[in-house]
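Residue 2 is where the sequence shown starts when you use the numbering used here, and the numbers rise one by one after that. Read the structure below first, then the notes.
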Amino acid sequence: MLMLPPSVRVYVAAEPTDLRKGFDGLSAQVMQRFGTDPLSGHLFVFLNRRADQVRILFWDRTGYCIVSKRLAQGRFHLTHAVSAGRTHVEMDAAELALMLEGLDLSGATRKKRWRLPSPGKLAA
Numbered sequence: 002m003l004m005l006p007p008s009v010r011v012y013v014a015a016e017p018t019d020l021r022k023g024f025d026g027l028s029a030q031v032m033q034r035f036g037t038d039p040l041s042g043h044l045f046v047f048l049n050r051r052a053d054q055v056r057i058l059f060w061d062r063t064g065y066c067i068v069s070k071r072l073a074q075g076r077f078h079l080t081h082a083v084s085a086g087r088t089h090v091e092m093d094a095a096e097l098a099l100m101l102e103g104l105d106l107s108g109a110t111r112k113k114r115w116r117l118p119s120p121g122k123l124a125a
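Below, the structure is given as C-alpha cells:
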C-alpha cells in the first residue's frame, strides 16, 4: 500500500504517453498536459497505448524519480471515466495502489462516510 501524505496529489494523464521518454521528457509533459510544476512533489502517472505499462514521475527534494511497472498479463484500468477534452484525471493514493495491482475498479462504488456536521447545523 502506498503511504502518501494528504497534501500529495496523484494526477493521471488521460491520453497515452510514449514511455521511452526520460526525466526531461516526462517533466515537459507535466508542464504541457497538466499545466503544473513538476517540482511540486505531486505524483504524475503516465500509461502507454496498450495500458500494460505505467510510469510515475515525482520530485523528492533532491531530484526526479521515475517508478516504472509493466504487467505480465492484463491492463491497467483508470478508476474514473475520462470525459472528452480532459488532459488528466486526479485520484487518491488508495486508488493508485489498487490500479498498480492491476485491479479494475470501474464497477466499484464508494460508500458514504460519516462527516462532522458543519458548525451552522450544530447550533440549530
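Where is the CB? At the ideal position from N, CA and C, for every residue including glycine.
Assigned exposure category for residue i - 16 Cβ within 10 Å defines buried
i      : result
Met100 : buried
Gln74  : exposed
Alpha-carbon spacing of residue i relative to residue j, whole angstroms
i      : j      : result
His78  : Glu102 : 10 Å
Phe47  : Leu117 : 36 Å
Ile57  : Ser84  : 22 Å
Val55  : Thr18  : 9 Å
Arg87  : Phe45  : 15 Å
Pro120 : Asp61  : 38 Å
Trp115 : Asn49  : 38 Å
Pro39  : Met32  : 7 Å
Gln30  : Asp105 : 26 Å
Close Cβ partners of residue i (< 7 Å) along its chain, the five nearest in sequence each way excluded
i     : result
His89 : Tyr12, Val13, Ala14, Ala15, Arg34 and Phe35
Phe24 : Tyr65 and Ile67
8 Å contact criterion, which residue i and residue j should meet: CB distance rounded
i     : j     : result
Ala52 : Arg76 : 4 Å
Glu91 : Arg10 : 6 Å
Cβ neighbours of residue i in the same chain (closer than 6 Å, five flanking residues each side left out)
i     : result
Val68 : Ile57
Q.
Report the start-end ranges of each beta strand (DSSP E) in the region 30–64 that is 3 residues or longer and not cut off at the edges.
A. 44–48 and 54–60
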